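Participant: This note's numbering puts the sequence shown at residues 1 to 413.
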Amino acid sequence: MKLLFKNIKELIQIRNNEVSFVSGEEMKILPTLKNAFLLVENGLIVDFGLMKDCPKADKNETIDATGKMLLPSWCDSHTHIVYAGNRESEFVDRINGLSYQEIAENGGGILNSAKKLQNTSEEDLYNQSKLRLEEIIQLGTGAVEIKSGYGLTEKAELKMLKVIKRLKKNYPLPIKATFLGAHAVPEEFKNDKNGYLEVLINNIIPKVAEENLADFIDVFCEKGYFSVDDTTRILETGKKYGLQGKIHVNQFNAIGGIQTGVKHNALSVDHLEIMKDDDIEDLKNTKTMPVALPSCSYFLGIPYTPARKMIAAGLPLALATDYNPGSTPSGNMNFVISTACIKMKMTPEEAINAATINGAYAMNLSNKVGSITKGKLANLILTKPINSYGFIPYSFGNHQIEKVFLRGEEIKK
Ligand code: NIG
Ligand code: FE
């Protein structure tokens, strides 16, 4: 059960296990070893170092990585990959001039996906969703968070979370489940948002907790969706049931969601396309990870998270896909990293840190994934022969992955 990688041109993101995320200036540093080996045993990284110290091949399976790089798998800390059907007609509506908000107001958007999902069987939903999970694994993702939030009834939300539970059981990568019942106000509660909140707080959240179906809790804190007060109520209820917050904030408007997230000890605040100076200030010296979703900005044509400003203020930043049928029908972390470099002016070092170690933190998986560290899972990307790791974001729209490994096993195409 041993696997030895030898002659690795560059082993990327080596850390000791004291580092759980990197912030500010530290994000510019990506520790690597040139001409290295890495040894895997029983699915874990057990040793790595310079080739001159490489253990004998023994009976180990050996991979000669001459000319290639080895790095930890991408950690995608924000996705909605369990959904039913697609919304390409809304995509065409946007091309023809409607805005994302106008489409939602006309019965499209999240409510459109909820209708589809409510009418899809659990089996069908599982089969549609697993294809997306397999797709992102091939693209180098080795740990992922998946949200509910396209059900919006007790039955349909539980169906989504059960699908996530089955994916957790059947696939070898760490998966975290987030309950996002407060994603949109369902049609039946159109004029009674409070009524829906009562259902969430009194019925659905207790049920989700009782059946142990979620690791985290989320809210879409946005004008026309859920207010800061609503967000506070959901976060407080989540806390009561042991569910830490990971919330959608500042996508279209900065209304104070970051402050309530920080106050309630959210693990992450995600989107952040619109940031006020106070939002940046209030994230300083907290344990809340800011998460940017550049593929969403790209697809919707909305502003990008001001990464330079945030990193200059000393903040950490994680990058994730937001893979979902409405705002980001793409789960490609390689594209996310390129886009972060091109549009947000992050350096390759910052983008790779944001997509690995900081992403792991944003899923509470720092002890398992996100870096080349002894004792962590051997969830790895072996690149094609490349000249430098800068080639990974540089070759945008493409990827440089030759093979992916989960728990030291190669995942065949
Ligand atoms: O993260 N902003 C809220 N939720 C999703 C998109 C939902 C949808 O359009 O289906 C997001 O972008
Ligand atoms: Fe999202």
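Even glycine gets a Cβ: it sits at the ideal position worked out from N, Cα and C.
A quick note: this is a predicted structure, and the numbers were derived from the prediction, not measured.
Quick one: what does DSSP say residue 290 is sitting in, helix, strand or coil?
Facilitator: Taking the first residue of the sequence shown as 1, we reach residue 290 at position 290. Reduced to three states, the DSSP call for residue 290 is strand.
Participant: In chain order, what residues of the same chain have a beta carbon less than 6 angstroms from the beta carbon of residue 4, not counting five sequence neighbours either side?
Facilitator: Reading the sequence shown from its first residue, position 4 is the one you call residue 4. For residue 4, where only same-chain residues beyond five positions count, the Cβ hits under 6 angstroms are 39, 60, 62.
Participant: Kindly say whether residue 175, judged by its beta-carbon, lies nearer than 8 angstroms to any beta-carbon of chain C.
Facilitator: The chain inventory of the structure shown lacks chain C, comprising one protein chain alone.
Participant: Taking C-alpha atoms, which residue in 66, 163, 233 lies nearest to residue 123?
Facilitator: For the purposes of this step, residue 123 is identified with residue 123 of the sequence shown, where counting begins at 1. Among 66, 163, 233, the Cα nearest to that of residue 123 is on 163.
Participant: Is the segment 328–339 touching the segment 361–374, taking contact as three or more C-beta pairs under 8 angstroms?
Facilitator: no
Participant: So for residue 128, helix, strand or coil by DSSP?
Facilitator: The residue given as residue 128 occupies position 128 in the sequence shown. If DSSP states are grouped into helix, strand and coil, residue 128 belongs with the helices.
Participant: Can you tell me whether residue 192 is buried or exposed, with buried defined as 16 or more other CB within 10 angstroms of its CB?
Facilitator: In the sequence shown, the residue the question calls residue 192 occupies position 192. Classification of residue 192: exposed, given that the 10 Å Cβ count is below 16.
Participant: Can you check the segment 181–254 for any alpha helix (DSSP H) of at least 4 residues that lies completely inside it and give the ranges in chain order?
Facilitator: As summarised for the segment 181–254, the continuous alpha helix (DSSP H) elements at least 4 residues long and confined to that stretch are 193–199, 205–210, 228–240, given in chain order.
Participant: Helix, strand or coil for residue 70, going by three-state DSSP, please let me know.
Facilitator: In the sequence shown, residue 70 corresponds to position 70, counting from 1. Residue 70: strand per DSSP, three-state reduction.
Participant: Is residue 215 near the ligand FE - that is, is its Cβ less than 7 angstroms away from at least one heavy atom of it?
Facilitator: Mapped onto the sequence shown, residue 215 falls at position 215. Answer for residue 215: no, Cβ out of range of the ligand FE.
Participant: On a Cα-Cα basis, can you pick out the residue from 190, 73, 350 that is closest to residue 409?
Facilitator: Your numbering for residue 409 matches position 409 in the sequence shown. That would be 73, whose Cα lies nearest to the Cα of residue 409.
Participant: How long is the line joining the alpha carbons of residue 323 and residue 77, rounded to whole angstroms?
Facilitator: In the sequence shown, the residue the question calls residue 323 occupies position 323. In the sequence shown, the residue the question calls residue 77 occupies position 77. Taking the straight line joining both Cα atoms gives about 10 angstroms.
Participant: According to the Cβ coordinates, are residue 65 and residue 51 closer than 8 angstroms?
Facilitator: The residue labelled residue 65 in the question sits at position 65 within the sequence shown. The residue labelled residue 51 in the question sits at position 51 within the sequence shown. No, the Cβ-Cβ distance between residue 65 and residue 51 is not below 8 angstroms.
Participant: Between 341, 314, 392, 356, which has its C-alpha nearest residue 26's C-alpha?
Facilitator: One-based indexing of the sequence shown puts residue 26 at position 26. Cα-wise, what sits closest to residue 26 is 314.
Participant: Could you check which residue in 340, 252, 260, 337 has the C-alpha nearest to that of residue 99?
Facilitator: Along the sequence shown, one-based indexing puts residue 99 at 99. Residue 252 is the option with its Cα nearest to residue 99.
Participant: Please classify residue 109 as buried or exposed, where buried requires at least 16 neighbouring CB atoms within 10 angstroms.
Facilitator: Position 109 of the sequence shown, counted from the start, is the residue given in the question as residue 109. Counting Cβ neighbours within 10 Å, residue 109 comes out buried, since at least 16 surround it.
Participant: Three or more beta-carbon pairs under 8 angstroms between the segment 262–273 and the segment 232–252, yes or no?
Facilitator: yes
Participant: Enumerated in chain order, which unbroken segments of the beta strand (DSSP E) with a length of 3 residues or greater are wholly contained in the segment 320–389?
Facilitator: 380–383
Participant: Is the beta carbon of residue 248 closer than 8 angstroms to that of residue 278?
Facilitator: Translated into positions along the sequence shown, residue 278 becomes position 278. Translated into positions along the sequence shown, residue 248 becomes position 248. In this structure, residue 248 does not lie closer than 8 angstroms to residue 278 by Cβ.
Participant: Go ahead and pull the three-state DSSP assignment for residue 266.
Facilitator: Counted from its first residue, the sequence shown places residue 266 at position 266. In this structure, residue 266 counts as coil in the three-state DSSP scheme.
Participant: Put residue 23 into one of helix, strand or coil per three-state DSSP.
Facilitator: Residue numbering aside, residue 23 sits at position 23 when the sequence shown is read from its first letter. DSSP places residue 23 in strand when its eight states are reduced to three.
Participant: Within the segment 76–145, note down every full alpha helix (DSSP H) run reaching 4 residues or more, in order along the chain.
Facilitator: 88–95, 100–105, 109–118, 122–138
Participant: Which value, in whole angstroms, describes the spacing of the CA atoms of residue 215 and residue 178?
Facilitator: Counting from 1 along the sequence shown, the entry for residue 215 is found at position 215. Counting from 1 along the sequence shown, the entry for residue 178 is found at position 178. Going by the C-alpha atoms only, they are around 6 angstroms apart.
Participant: Given residue 118, which residues of its chain have a CB within under 6 angstroms of its CB, disregarding the five upstream and five downstream residues?
Facilitator: On the sequence shown, position 118 is the one that residue 118 refers to. 156.
Participant: Any heavy atom of the ligand NIG inside 7 angstroms of the beta-carbon of residue 101?
Facilitator: As a working note, residue 101 is residue 101 in the sequence shown. No, the ligand NIG has no heavy atom inside 7 angstroms of this Cβ.
Participant: Output the distance between the C-alpha atoms of residue 41 and residue 359, rounded to the nearest integer angstrom.
Facilitator: The residue given as residue 41 occupies position 41 in the sequence shown. The residue given as residue 359 occupies position 359 in the sequence shown. Rounded to whole angstroms, the separation of the alpha carbons of residue 359 and residue 41 is 24 angstroms.
Participant: Which residue wins for smallest C-alpha separation from residue 10, given the options 116, 30, 24?
Facilitator: Here residue 10 refers to the residue found at position 10 when the sequence shown is read from its first residue. Selected option, being the one with the closest Cα: 30.
Participant: At a cut-off of 7 angstroms, would you count residue 76 as near the ligand FE, judging by its Cβ distance to the nearest heavy atom?
Facilitator: Translated into the one-based positions of the sequence shown, residue 76 becomes position 76. Outside the cutoff, so no.
Participant: According to the Cβ coordinates, are residue 146 and residue 82 closer than 8 angstroms?
Facilitator: Against the sequence shown, residue 146 aligns to sequence position 146. Against the sequence shown, residue 82 aligns to sequence position 82. Contact: yes.
Participant: Tell me whether residue 6 is buried or exposed, calling it buried when 16 or more other Cβ atoms sit within 10 Å of its Cβ.
Facilitator: Walking along the sequence shown from the start, residue 6 turns up at place 6. Result: buried.
Participant: Should residue 110 be counted as a contact of the ligand NIG given a C-beta to heavy atom distance under 7 angstroms?
Facilitator: Reading the sequence shown from its first residue, position 110 is the one you call residue 110. Because some heavy atom of the ligand NIG lies under 7 angstroms away, the Cβ of residue 110 counts as near it: yes.
Participant: Does the Cβ-Cβ distance between residue 257 and residue 231 come in under 8 angstroms?
Facilitator: Counting from 1 along the sequence shown, the entry for residue 257 is found at position 257. Counting from 1 along the sequence shown, the entry for residue 231 is found at position 231. Contact annotation: residue 257 and residue 231 have beta-carbon atoms nearer than 8 angstroms.
Participant: Going by beta carbon distance, what residues of the same chain come within less than 7 angstroms of residue 204, once the five residues before and after it are set aside?
Facilitator: Position 204 of the sequence shown holds residue 204. Only 154, 157, 181 meet the Cβ criterion.
Participant: Hey, would you say the C-beta of residue 96 is under 7 angstroms away from at least one heavy atom of the ligand FE?
Facilitator: Working through the sequence shown from its first residue, we reach residue 96 at position 96. No, the ligand FE has no heavy atom inside 7 angstroms of this Cβ.
Participant: Do residue 381 and residue 71 have their CB atoms nearer than 8 angstroms?
Facilitator: Taking the sequence shown and counting its residues from 1, the one referred to as residue 381 is at position 381. Taking the sequence shown and counting its residues from 1, the one referred to as residue 71 is at position 71. Yes, the Cβ-Cβ distance between residue 381 and residue 71 is below 8 angstroms.
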